[in-house]
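Asker: Mind having a look at this structure? Questions to follow.
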Amino acid sequence: MKPVDAASLVIVRDRREVLMGLRSSRHVFAPQQYVFPGGRVDAGDSRVPAPFTLPVPVQRRLSRSVTAARGRGIAMAAVRETWEETGLLLARPLASPLRTRSPGWRSFYNKGLAPALDRVSYFARAITPPNNVRRFDARFFVADACHCVGSLRGNGELENLHWVSFADADNLPMFGITRAVLSLVRCALDTAPVPGTAPEVAPEVIERELVEQHPVTLPST
């Protein structure tokens with residue numbers, strides 16, 4: 765089974781908390797596991813207009829495995845899925861609304877907003893191992909909550925959607941790859957890191973799933 769492109773957005777608040785939700789028991793893939801907002805890439809994600817471009821370092825990182833158009837579409841999917849699942853829009857205001865025929869983006873653009881791709885950073889890629897019921901080629905992006913607008917509300921995809929501290933997240937049920945990604949972010953944002961400390965990533969996760977990782981930064985523009 766060929767992995768399907770997917771994207772997740774790790775939203776960090778005050779450098780101490782991240783937004784996570786519990787996947788419903790109705791899901792075939794990863795039920796009852798805590799995850800970051802995200803999902804599969806839609807065809808329209810690479811076709812709709814996007815006036816704000818990805819930072820050059822992000823474009824370079826993505827170009828290692830995908831074309832520029834596909835990379836932009838993956839980043840757009842992270843923003844769209846986050847909005848659909850949480851009600852938060854990583855966006856900038858525009859003088860006049862953009863127009864699109866894409867049903868997944870029409871209501872987003874009707875708000876007079878555009879995806880703030882310039883405020884995301886790409887830091888990890890993971891591929892679901894073979895012999896799973898679903899396989900995804902997932903890219904993980906990170907952004908600061910201060911750049912998001914809207915009110916937190918779920919659409920049913922994620923239950924118990926809430927801000928969780930890095931310490932409390934240790935006690936939540938989640939897959940190894942999710943915990944590994946969380947550890948990468950936590951280690952990078954630790955305000956008082958212990959010298960020599962490295963992210964706690966299980967060896968089997970590195971060998972089987974985490975195929976790419978980069979420094980975690982929070983764009984402040």
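Position one of the sequence shown corresponds to residue 765 (the working numbering), numbered consecutively onward.
Even glycine gets a Cβ: it sits at the ideal position worked out from N, Cα and C.
All of these numbers come straight from a predicted model, not from anything done at the bench.
Taking ALA907 as part of the beta strand (DSSP E), name the residues at either end of that continuous run.
Answerer: Here residue 907 refers to the residue found at position 143 of the sequence shown. 900-908 is the span of the beta strand (DSSP E), which, as asked, contains ALA907.
Asker: Following the continuous alpha helix (DSSP H) through PHE939, name the residue where it begins and the one where it ends.
Answerer: Position 175 of the sequence shown, counting from 1, holds the residue named residue 939. Per DSSP, PHE939 belongs to no alpha helix (DSSP H) and is neither H nor E.
Asker: May I ask which residues mark the beginning and end of the beta strand (DSSP E) holding GLU923?
Answerer: Translated into the one-based positions of the sequence shown, residue 923 becomes position 159. Its beta strand (DSSP E) spans residues 922-929.
Asker: In chain order, which beta strand (DSSP E) runs of at least 3 residues are fully inside the segment 782-827?
Answerer: 802-804
Asker: If the criterion is Cβ atoms closer than 7 Å, does the pair ALA855 and PRO894 meet it?
Answerer: Against the sequence shown, residue 855 aligns to sequence position 91. Against the sequence shown, residue 894 aligns to sequence position 130. It is not a contact, given that the beta carbons lie outside the stated cut-off.
Asker: Please determine if the segment 853-869 and the segment 926-942 are in contact, where contact requires at least 3 C-beta pairs separated by less than 8 Å.
Answerer: The segment 853-869, when compared against the segment 926-942, does not touch it at the 8 Å Cβ threshold.
Asker: Measure how close the beta-carbons of VAL884 and PHE900 come, nearest whole angstrom, since I'm counting them as under 8 Å.
Answerer: By one-based count along the sequence shown, residue 884 stands at place 120. By one-based count along the sequence shown, residue 900 stands at place 136. Actually they are not in contact, since the Cβ atoms of VAL884 and PHE900 sit about 19 Å apart, beyond 8 Å.
Asker: Which term fits ARG863, buried or exposed, when burial requires 16 or more other beta carbons within 10 angstroms of its beta carbon?
Answerer: Start at 1 with the first residue of the sequence shown, and residue 863 comes out as number 99. Exposed: under 16 other Cβ atoms inside 10 Å.
Asker: Roughly how many whole angstroms lie between the Cα atoms of ARG828 and LEU877?
Answerer: Looking up residue 828 in the sequence shown gives position 64. Looking up residue 877 in the sequence shown gives position 113. If I take the Cα positions, the gap works out to 30 Å.
Asker: Checking the sheet assignment: what are the DSSP bridge partners for LEU877?
Answerer: Position 113 of the sequence shown, counting from 1, holds the residue named residue 877. In DSSP, LEU877 forms a bridge with PRO857.
Asker: Select from ALA832, ARG811, VAL812 the residue whose C-alpha is nearest the C-alpha of VAL820.
Answerer: Position 56 of the sequence shown holds residue 820. If you compare the alpha carbons of ALA832, ARG811, VAL812 with that of VAL820, the shortest gap goes to ALA832.
Asker: Considering only the alpha carbon of each residue, which of LEU881, ILE891, PRO861, LYS766 lies closest to ASN874?
Answerer: Start at 1 with the first residue of the sequence shown, and residue 874 comes out as number 110. Nearest C-alpha to ASN874: PRO861.
Asker: Where do the N-terminal and C-terminal ends of the alpha helix (DSSP H) with GLU848 fall, by residue?
Answerer: Stepping through the sequence shown from its first residue, residue 848 is reached at position 84. Looking at the DSSP string, the run of the alpha helix (DSSP H) that includes GLU848 is 832-850.
Asker: Let me know if ALA771 comes out buried or exposed under the rule of 16 or more other beta-carbons within 10 Å of its beta-carbon.
Answerer: Stepping through the sequence shown from its first residue, residue 771 is reached at position 7. ALA771 should be labelled buried.
Asker: Using the C-alpha atoms, what's the distance from ALA859 back to LEU974?
Answerer: Residue 974 sits at position 210 when you count from the first residue of the sequence shown. Residue 859 sits at position 95 when you count from the first residue of the sequence shown. Using only the alpha carbons, I get a separation of about 41 Å.
Asker: What does DSSP give as the partner residue(s) for CYS912 in the beta ladder?
Answerer: On the sequence shown, residue 912 is found 148 positions in, with the first residue counted as 1. DSSP, once it has assigned bridges, lists LEU854 as partnering CYS912.
Asker: Just verifying my parser: in three-state terms, what is the DSSP assignment at ARG865?
Answerer: What you label residue 865 is simply residue 101 of the sequence shown in a count that begins at 1. In this structure, ARG865 counts as coil in the three-state DSSP scheme.
Asker: Which of the three DSSP states is assigned to SER984 in this structure?
Answerer: If you number the sequence shown from 1, residue 984 lands on position 220. Three-state DSSP puts SER984 in coil, outside helix and strand.
Asker: Do ALA841 and ASP809 have their C-beta atoms closer together than 7 Å?
Answerer: For the purposes of this step, residue 841 is taken as residue 77 along the sequence shown, with counting starting at 1. For the purposes of this step, residue 809 is taken as residue 45 along the sequence shown, with counting starting at 1. Here ALA841 is near ASP809, since their CB atoms are less than 7 Å apart.
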